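For reference, the structure is listed below as structure tokens.
In full-length UniProt numbering, the protein residues as written are 1 to 40.
Structure follows, in structure tokens:
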């Protein structure tokens with residue numbers, strides 16, 4: 001039963017990190033596109 005809680009803990013951490021990446025990735029891509037546009 002102890003390992004179940006570790007698996008659930010890592011799952012929760014992974015889901016939170018994945019959701020943060022999903023919401024932040026478009027900002028990173030827009031920043032890269034704007035920086036490439038200004039360089040030209």
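No residue lacks a Cβ here, since even glycine has one placed at the ideal position from N, Cα and C.
The model shown is predicted, which means the values in this text are computed figures rather than measured ones.
Inter-residue distance for residue 22 and residue 28 is about 11 Å (C-alpha atoms, whole angstroms).
The straight-line gap separating the alpha-carbon atoms of residue 8 and residue 26 is approximately 28 Å.
Secondary structure at residue 19: helix, using DSSP grouped into helix, strand and coil.
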